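Trainee: Sharing a structure with you now.
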Amino acid sequence: MSSVFFMPSINLIGTGCLKEAISTIQKQGFKKGLIVTGKVLYKLGIVKKVSDLLTEKNVKNIVFNDTHSNPTIKNIKDGLKILKENNCDFIISLGGGSPHDCAKGIA
Numbered sequence: 083m084s085s086v087f088f089m090p091s092i093n094l095i096g097t098g099c100l101k102e103a104i105s106t107i108q109k110q111g112f113k114k115g116l117i118v119t120g121k122v123l124y125k126l127g128i129v130k131k132v133s134d135l136l137t138e139k140n141v142k143n144i145v146f147n148d149t150h151s152n153p154t155i156k157n158i159k160d161g162l163k164i165l166k167e168n169n170c171d172f173i174i175s176l177g178g179g180s181p182h183d184c185a186k187g188i189a
């Protein structure tokens, strides 16, 4: 027996997209997000800026910054565990290919 599931995604890219993303998150009724990223953006403070903007708009969030280059199944499972333990209902992917791949695997 086959099964079907629909997993819509919303992708916002470009200048000013973060403010538009926060508005979209609120309109969709999402409550808590998992920010999936790598260590470089975390160390540069970019992740904190995004997290702080979300918090200012009363959007709870938690960061998973342990994305590896070419994420492994274990890496994805670690992120999924954090998502479930924190009752996150949406994901924000920040960074290059590896964080995006990891976020897609977690989703």
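Start counting at 1 in the sequence shown, then tack on 82, and there's your number in our numbering.
All residues carry an ideal CB built from backbone N, CA and C; glycine is no exception.
Everything numeric in this text was worked out from a predicted model, so none of it was measured.
#1: In whole angstroms, what is the alpha-carbon distance linking D171 and T137?
#2: By DSSP, does K114 sit in helix, in strand, or in coil?
#3: Taking Cβ to Cβ, would you say N152 is nearer than 9 angstroms to S133?
#4: May I ask which residues mark the beginning and end of the beta strand (DSSP E) holding N157?
#5: DSSP three-state call for K142: helix, strand or coil?
#6: Taking 9 angstroms as the threshold (C-beta atoms), are C99 and T149 in contact?
#7: Could you tell me the distance, in whole angstroms, from the CA atom of I173 to the CA atom of K109?
#8: For S175, name the three-state secondary structure that DSSP assigns.
Mentor: Once the coordinates are examined:
#1: 15 angstroms
#2: strand
#3: no
#4: Careful: N157 lies outside any beta strand (DSSP E), inside the alpha helix (DSSP H) at 155 to 167.
#5: strand
#6: no
#7: 15 angstroms
#8: strand
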